[in-house]
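To start, the structure itself, in structure tokens.
2 protein chains.
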Amino acid sequence: MSIEGVHLIAGESVAGQGTFHATNPASGERLSPQFSDATADQIDAAVAAAFQVHESRGAEDPQARARLLDAAAARIEQAGAAITKRGVEETGLPEGRFEAERGRTCNQLRMFASVLRERIFTESIIETALPDRQPVPRPDLRRRMRALGPVAVFGASNFPLAFGIAGSDTASALAAGCPVIAKGHPAHPGCCELIGKALQEAVRDAELPAGIFSLVQGQSFDVGTQLVQHPGIAAVAFTGSRSGGISLWKLAATREVPVPVFAEMGSANPVFILPEALATRGEEIASSIAVSVRLGVGQFCTSPGIIVTVSDDHGEAFKESLSASLCSEPPGTMLHPGIREGYSGALEQLASSHGVEVLRRGPTGSGACDAEATLLQADALSFIADKTLQGEVFGPSTMLVECSSLEEMLRVARTLEGQLTATVHGTTDELQNFRQLLDLLEDRVGRILFNGMPTGVEVGEAMHHGGPWPATTDSRWTSVGAASIQRFVRPVCWQGFPDQLLPADLRSAAKGRHRIDGVWQDPGSV
Amino acid sequence: MSIEGVHLIAGESVAGQGTFHATNPASGERLSPQFSDATADQIDAAVAAAFQVHESRGAEDPQARARLLDAAAARIEQAGAAITKRGVEETGLPEGRFEAERGRTCNQLRMFASVLRERIFTESIIETALPDRQPVPRPDLRRRMRALGPVAVFGASNFPLAFGIAGSDTASALAAGCPVIAKGHPAHPGCCELIGKALQEAVRDAELPAGIFSLVQGQSFDVGTQLVQHPGIAAVAFTGSRSGGISLWKLAATREVPVPVFAEMGSANPVFILPEALATRGEEIASSIAVSVRLGVGQFCTSPGIIVTVSDDHGEAFKESLSASLCSEPPGTMLHPGIREGYSGALEQLASSHGVEVLRRGPTGSGACDAEATLLQADALSFIADKTLQGEVFGPSTMLVECSSLEEMLRVARTLEGQLTATVHGTTDELQNFRQLLDLLEDRVGRILFNGMPTGVEVGEAMHHGGPWPATTDSRWTSVGAASIQRFVRPVCWQGFPDQLLPADLRSAAKGRHRIDGVWQDPGSV
Chain A
-3 MSIEGVHLIA GESVAGQGTF HATNPASGER LSPQFSDATA DQIDAAVAAA FQVHESRGAE
57 DPQARARLLD AAAARIEQAG AAITKRGVEE TGLPEGRFEA ERGRTCNQLR MFASVLRERI
117 FTESIIETAL PDRQPVPRPD LRRRMRALGP VAVFGASNFP LAFGIAGSDT ASALAAGCPV
177 IAKGHPAHPG CCELIGKALQ EAVRDAELPA GIFSLVQGQS FDVGTQLVQH PGIAAVAFTG
237 SRSGGISLWK LAATREVPVP VFAEMGSANP VFILPEALAT RGEEIASSIA VSVRLGVGQF
297 CTSPGIIVTV SDDHGEAFKE SLSASLCSEP PGTMLHPGIR EGYSGALEQL ASSHGVEVLR
357 RGPTGSGACD AEATLLQADA LSFIADKTLQ GEVFGPSTML VECSSLEEML RVARTLEGQL
417 TATVHGTTDE LQNFRQLLDL LEDRVGRILF NGMPTGVEVG EAMHHGGPWP ATTDSRWTSV
477 GAASIQRFVR PVCWQGFPDQ LLPADLRSAA KGRHRIDGVW QDPGSV
Chain B
-3 MSIEGVHLIA GESVAGQGTF HATNPASGER LSPQFSDATA DQIDAAVAAA FQVHESRGAE
57 DPQARARLLD AAAARIEQAG AAITKRGVEE TGLPEGRFEA ERGRTCNQLR MFASVLRERI
117 FTESIIETAL PDRQPVPRPD LRRRMRALGP VAVFGASNFP LAFGIAGSDT ASALAAGCPV
177 IAKGHPAHPG CCELIGKALQ EAVRDAELPA GIFSLVQGQS FDVGTQLVQH PGIAAVAFTG
237 SRSGGISLWK LAATREVPVP VFAEMGSANP VFILPEALAT RGEEIASSIA VSVRLGVGQF
297 CTSPGIIVTV SDDHGEAFKE SLSASLCSEP PGTMLHPGIR EGYSGALEQL ASSHGVEVLR
357 RGPTGSGACD AEATLLQADA LSFIADKTLQ GEVFGPSTML VECSSLEEML RVARTLEGQL
417 TATVHGTTDE LQNFRQLLDL LEDRVGRILF NGMPTGVEVG EAMHHGGPWP ATTDSRWTSV
477 GAASIQRFVR PVCWQGFPDQ LLPADLRSAA KGRHRIDGVW QDPGSV
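Here's what the structure looks like:
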């Protein structure tokens, strides 16, 4: 499978003029071929094909969609070596990371296939007619989940596979029955093309209409703008920066017909360490934090960026351990120069803020994308007073916030904006007497962890990868796990129809999970 | 129970300066007492009390909330005669309507109590730890639904009970565990006060903290603005006009922390009549439409405002029948002068639009709020060309759109904006050959009906009272039925916690409906 610098529009490879290229962040080398910004006509063609599939019910059969998702996993595995090779060149991430991420991505695709087979998270609900009910009869009511329509997916820079062209957003949208128009990430367009081609082949394998998936490439902001504002787009999914997510959200809100945008915009993922945990496990916790912060050169949306402790003698030892574990390794290569500059800029701004000091920087390197680990410290009162200190720094840094008391720790918790995660380290006993911390954190996060690290997002049914604004644009949805399918469906109630006129999944003989007259039916299989 | 012209703030009656009063729309008589716009301090007090209940988990026990909802129904029944008396004076709606609406409202409150007892629609999902899983262990993951926080509820003018202070939005928000600050409707403030006092008593009956419910009165737009922009408000529910709903939605989107607004803004609820149905049941359908349009003097969000037929000989007879049934009765009294003026204005604008004519007006009356039934007709091509012709006219009118062919009928369907409902009259045979109409309509509505009338919204599990923009602000939620609770909760995932530290509903011994390691558990009772 070669990389041609094309858009993939409804099964066709479409060439452009060649306006940008990927760069190897480790070497600075330009990577061929050239890619081009999708034109308005190309975006139109992709959306029109997707809309046609939607309107004609071309993706209505859940069994066909399950086949597509399974085939996508198989095709990505087949293209695995090529994707890893190009991915390493484009991102600077190590080979092992691509191998592991491929496993996770393919498992994720297959999980959605099984969600479709079990019909969980998009159940139909049926209430049969009660013609003799007083004072008025009850009509036959059948509520099903219908796909929203074509979804525009903006993948992340930091997970080219798991949150990319065939990542969680695409997999859940396809599972929901929505055609997808993915926007390639300009930092790894070759990787996107390879994954896009694997998806194209999977569409053919599953004998689904080609318009169900398109990939448009683009470096210019205009490509994304045109896509989000296209009247045929019914929803938008995004994983990336706060500024990027909010821009798309605002664009969607100013359409003639506004559409939902689910943007996962990352967060600072505070970790609270209670005194007993600090005393008994301080060194181990410091070492785990250092590993977690340095994962993927700090380019994880769940990277622990704020560490809250109560200052005591153990606090000093903890600080020493953390400083040593975090800042003694050589620098890592960040994804692209823009992200590297963002990291420096955010650190500079923090370092010049009142009450913040740089405790230690790790070894620097000579590459344009080399990033050194950094440990910052903020005094708790400054942290409480200045909301800008809690913004996400995307890179291998973390900020220690030492409190003078547990009371002050609660004030720090209370001041937090919405987060994807918060973590508490402590003993069961000390938390039973400090329940208020858990309550305050639960109301500010999507996931709360006990004696763990926030990096590592399990893909399953109980996961919630979301959280209150500004971690995401809507706290009610997750972008990871089986429930993420729910972002892309809406209920429709069919009232009083004879069986022959109902959509297949509402007919009386339909298999799969239903709730009928207040009783759950056996799931069976579709 | 007397009407004092007060706000009800966290269990207290709070008097104001007296700035507005209700008016009897039938007689024009001013009704005492005077009411006042809630001040910023009063709104602050209500939201602060609500937020305190939320943060302290004061409404966390679903059993207590079920008691509250049952008690609310009982207290409203006790106050039934007083509410009906004042309601008739304030709205011009007949006594029987209040009696029926009370029944529906109390059933609705009790339905949410039973939803809580069965724990449907807010299930917890548990995945237990797999410490030996390869390549990495799975942590214990438990996802529960946590209340969003204080909800601001703006009730409708047209259903003072079922969509009012103790209506669907309030009932579902309380069921979700969210404290409610209801904004009284300035056209029926006395009715709101009586219902609010019944709710206050129910809060005491259930021994829940008083801050869980407040009622602030107000005629000025400022009251609603301050409420929606208050940082303590976590969500907004609204039933009313498109302009009102979109205003609140925009206000919420410009907050520092935007919050979800679910606005149900009504629609034109098109009815499509196929040739065989027109030939065999034309007269009966005409008569049903007339009844449906005249229900509540046309002040139903599901009133059928567009009737689409294919012109033929039967069409002429149908038109005659519809015209006669709709326009021969005396006028009805609309809710208030503003709504009456809106009706005249909308009719005037339509009548002066290209391709539209007034076929017949019913008898007029001398009261300031008297409204005559009106039958309009638009030619199909004008209707397709001019989107303004399909806007909702709030009042007892409907517009006939005669198509030259079934093909043209499809074009009319395709041009429709988002609707709460669409209805199709036809035989099963003719629809089996015309499936495309159902597909086009399904993608534009929240509920699709066969051989029925859209007015009459069943309160149950399979109902969907929602629909694509501009019928509502988010097609994924319903404002009626058991599923409406889902608007006001968000998932939180608890990872790796010992049982003692988990919220009660996630502990291993918790009763109620769960999904554990991929298997649904018996619902039991909470």
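Going line by line, the protein sequences match chains A and B. Sequential numbering from -3 applies to the first sequence in the numbering used here. Sequential numbering from -3 applies to the second sequence in the numbering used here. For glycine and all other residues, C-beta sits at the position ideal for the given N, C-alpha and C. Just so we're clear, the structure is a prediction, and the values are computed from it rather than from any experiment.
- [ ] On a CA-only basis, which of A:Glu86, A:Glu56, A:Pro58, A:Ser28 is nearest A:Leu331? Give me that one, please.
- [x] Here residue 331 of chain A refers to the residue found at position 335 when the first sequence is read from its first residue. Here the closest residue by C-alpha is A:Glu86.
Open item on the list: Measuring straight from C-alpha to C-alpha, what distance separates A:Pro175 and A:Lys315?
Closed with: On the first sequence, residue 175 of chain A is found 179 positions in, with the first residue counted as 1. On the first sequence, residue 315 of chain A is found 319 positions in, with the first residue counted as 1. Taking the straight line joining both Cα atoms gives about 50 Å.
- [ ] Check the DSSP bridge columns for A:Lys179 and list the partner residues they point to.
- [x] Within the first sequence, residue 179 of chain A is the residue found at index 183, counting from 1. In the DSSP output, where bridge partners are listed per residue, A:Lys179 has A:Phe150, A:Val212.
Open item on the list: Cβ closer than 8 Å: which chain A residues qualify as neighbours of B:Thr524?
Closed with: The requested residue 524 of chain B is not part of the displayed model; chain B covers only -3 to 522.
TODO: May I ask you to report which of helix, strand or coil DSSP gives B:Cys174?
DONE: Start at 1 with the first residue of the second sequence, and residue 174 of chain B comes out as number 178. B:Cys174 falls in the coil class under three-state DSSP.
TODO: Inspect the beta-carbon positions of B:Thr15 and B:Asp33 and report whether they are closer than 9 Å.
DONE: Position 19 of the second sequence, counted from the first residue, corresponds to residue 15 of chain B. Position 37 of the second sequence, counted from the first residue, corresponds to residue 33 of chain B. Yes; because the gap between Cβ atoms is below 9 Å, this pair is in contact.
Task: Euclidean distance between Cα positions of A:Ser52 and A:Gly173 - done: Walking along the first sequence from the start, residue 52 of chain A turns up at place 56. Walking along the first sequence from the start, residue 173 of chain A turns up at place 177. Distance between A:Ser52 and A:Gly173, taken at the CA atoms: about 12 Å.
Task: Under 7 Å from the C-beta of B:Ser471: neighbouring residues of chain A - done: Taking the second sequence and counting its residues from 1, one reaches residue 471 of chain B at position 475. Arg486, listed in chain order.
- [ ] On the DSSP bridge assignment, give the partners of B:Glu8 in chain order.
- [x] Here residue 8 of chain B corresponds to residue number 12 of the second sequence, with the count starting at 1. Beta-bridge pairing links B:Glu8 to B:Ile5.
Open item on the list: Helix, strand or coil for B:Val389? Go by DSSP, reduced to three states.
Closed with: Along the second sequence, one-based indexing puts residue 389 of chain B at 393. Note: B:Val389 maps to coil in three-state DSSP.
- [ ] Compare the C-alpha of B:Arg26 against each of B:Glu56, B:Arg82, B:Gln345 and name the closest.
- [x] To locate residue 26 of chain B, count along the second sequence from 1; it is residue 30. Taking only the C-alpha atoms, the option nearest B:Arg26 is B:Arg82.
Open item on the list: Can you check which of these residues, B:Arg129, B:Ile79, B:Asp66, is closest to B:Cys523 by C-alpha distance?
Closed with: Past the edges of chain B, shown from -3 to 522, lies residue 523 of chain B, and the structure says nothing about it.
TODO: Could you tell me whether any Cβ in chain B is nearer than 9 Å to the Cβ of A:Thr474?
DONE: For the purposes of this step, residue 474 of chain A is taken as residue 478 along the first sequence, with counting starting at 1. Judged by the 9 Å Cβ criterion, A:Thr474 is in contact with chain B.
Open item on the list: Would B:Glu97 and B:Leu195 be called neighbours here (beta carbons separated by less than 9 Å)?
Closed with: Position 101 of the second sequence, counting from 1, holds the residue named residue 97 of chain B. Position 199 of the second sequence, counting from 1, holds the residue named residue 195 of chain B. No, the Cβ-Cβ distance between B:Glu97 and B:Leu195 is not below 9 Å.
Task: Length of the line joining the Cα atoms of B:Asp527 and A:Val255 - done: The displayed coordinates of chain B run from -3 to 522. Any statement about residue 527 of chain B would go beyond what the structure contains.
Task: Collapsed DSSP secondary structure at A:Ser120 in the structure displayed - done: The residue labelled residue 120 of chain A in the question sits at position 124 within the first sequence. Residue state, collapsed to three classes: strand.
Task: C-alpha distance - B:Arg200 paired with B:Ile512, whole-angstrom precision - done: As a first step, residue 200 of chain B is located in the second sequence; it is residue number 204 there, counting from the start. As a first step, residue 512 of chain B is located in the second sequence; it is residue number 516 there, counting from the start. Taken atom to atom, the span from the alpha-carbon of B:Arg200 to that of B:Ile512 is near 36 Å.
Open item on the list: Helix, strand or coil, according to DSSP, for B:Phe16 in the structure here?
Closed with: Here the question's residue 16 of chain B lines up with position 20 in the second sequence. In this structure, B:Phe16 counts as strand in the three-state DSSP scheme.
Task: Near-chain B residues of the stretch 353 to 373 of chain A - C-beta to any C-beta below 7 Å - done: none
Open item on the list: In this structure, how does DSSP classify B:Glu325 when only helix, strand and coil are distinguished?
Closed with: One-based indexing of the second sequence puts residue 325 of chain B at position 329. B:Glu325: coil per DSSP, three-state reduction.
- [ ] Sort out for me which residues DSSP pairs B:Arg139 with in a bridge.
- [x] What you label residue 139 of chain B is simply residue 143 of the second sequence in a count that begins at 1. Per DSSP, B:Ile121, B:Cys489.
- [ ] Following the continuous beta strand (DSSP E) through B:Pro29, name the residue where it begins and the one where it ends.
- [x] Mapped onto the second sequence, residue 29 of chain B falls at position 33. Note, B:Pro29: beta strand (DSSP E), 26 to 31.
- [ ] Kindly list, in the order they appear in chain B, the residues whose Cβ is closer than 9 Å to that of A:Ala479.
- [x] Within the first sequence, residue 479 of chain A is the residue found at index 483, counting from 1. By Cβ distance, chain B contributes Ile121, Arg139, Pro487.
Task: Bounding residues of the beta strand (DSSP E) (the contiguous stretch that carries B:Arg511) - done: Your numbering for residue 511 of chain B matches position 515 in the second sequence. Looking at the DSSP string, the run of the beta strand (DSSP E) that includes B:Arg511 is 510 to 512.
TODO: Using a Cβ cut-off of 8 Å, pull out every chain B residue sitting near A:Glu457, in sequence order please.
DONE: On the first sequence, position 461 is the one that residue 457 of chain A refers to. The answer, in chain order, is Ile121, Glu123, Arg139, Arg511, Gly514.
Task: C-beta neighbour in chain A for B:Leu434, strict 9 Å - done: Position 438 of the second sequence, counting from 1, holds the residue named residue 434 of chain B. Yes, its Cβ sits closer than 9 Å to a Cβ of chain A.
Open item on the list: For a quick check, are the C-beta atoms of A:Ala6 and A:Ala206 less than 9 Å apart?
Closed with: Position 10 of the first sequence, counting from 1, holds the residue named residue 6 of chain A. Position 210 of the first sequence, counting from 1, holds the residue named residue 206 of chain A. The criterion of a C-beta distance shorter than 9 Å is satisfied by A:Ala6 and A:Ala206.
Open item on the list: I want to see whether chain A comes within less than 9 Å of B:Gly24, judged by CB atoms only; does it?
Closed with: Taking the second sequence and counting its residues from 1, the one referred to as residue 24 of chain B is at position 28. No, B:Gly24 does not count as interfacial toward chain A.
Task: Other residues of its chain near B:Leu270: CB distance less than 6 Å, five sequence neighbours each side excluded - done: One-based indexing of the second sequence puts residue 270 of chain B at position 274. Cβ within range, chain order: Gly422, Glu426.
Task: Identity of the residue in B:Gln130, B:Arg106, B:Arg115, B:Arg138 nearest B:Thr124 by Cα - done: Within the second sequence, the letter at position 128 stands for residue 124 of chain B. The residue with the shortest Cα to Cα distance from B:Thr124 is B:Arg138.
Open item on the list: With a threshold of 9 Å between beta carbons, is B:Phe159 in contact with chain A?
Closed with: Indexing the second sequence from 1 puts residue 159 of chain B at position 163. Cβ-Cβ to chain A under 9 Å: no for B:Phe159.
Task: B:Ala22 versus B:Ala70 - alpha carbon distance - done: Along the second sequence, read from residue 1 onward, the residue named residue 22 of chain B stands at position 26. Along the second sequence, read from residue 1 onward, the residue named residue 70 of chain B stands at position 74. Taking the straight line from one Cα to the other gives about 30 Å.
TODO: Could you check which residue in A:Glu398, A:Leu322, A:Gly338, A:Ser283 has the C-alpha nearest to that of A:Asp308?
DONE: Counted from its first residue, the first sequence places residue 308 of chain A at position 312. Closest option to A:Asp308, Cα to Cα, is A:Glu398.
Task: Straight-line gap, B:Gln428 to B:Asn447 (C-alpha atoms, nearest Å) - done: Sequence index remark: in the second sequence, residue 428 of chain B carries index 432 (1-based). Sequence index remark: in the second sequence, residue 447 of chain B carries index 451 (1-based). Near 14 Å, if we compare the C-alpha coordinates of B:Asn447 and B:Gln428.
Task: Closer than 9 Å to chain B by CB, A:Ser401 - done: The sequence position of residue 401 of chain A within the first sequence is 405, counting from 1. Closer than 9 Å: no.
Open item on the list: Let me see if you follow: with CB-CB separation under 9 Å, is B:Ile208 close to chain A or not?
Closed with: Numbered from its first residue, the second sequence carries residue 208 of chain B at position 212. Cβ-Cβ to chain A under 9 Å: no for B:Ile208.
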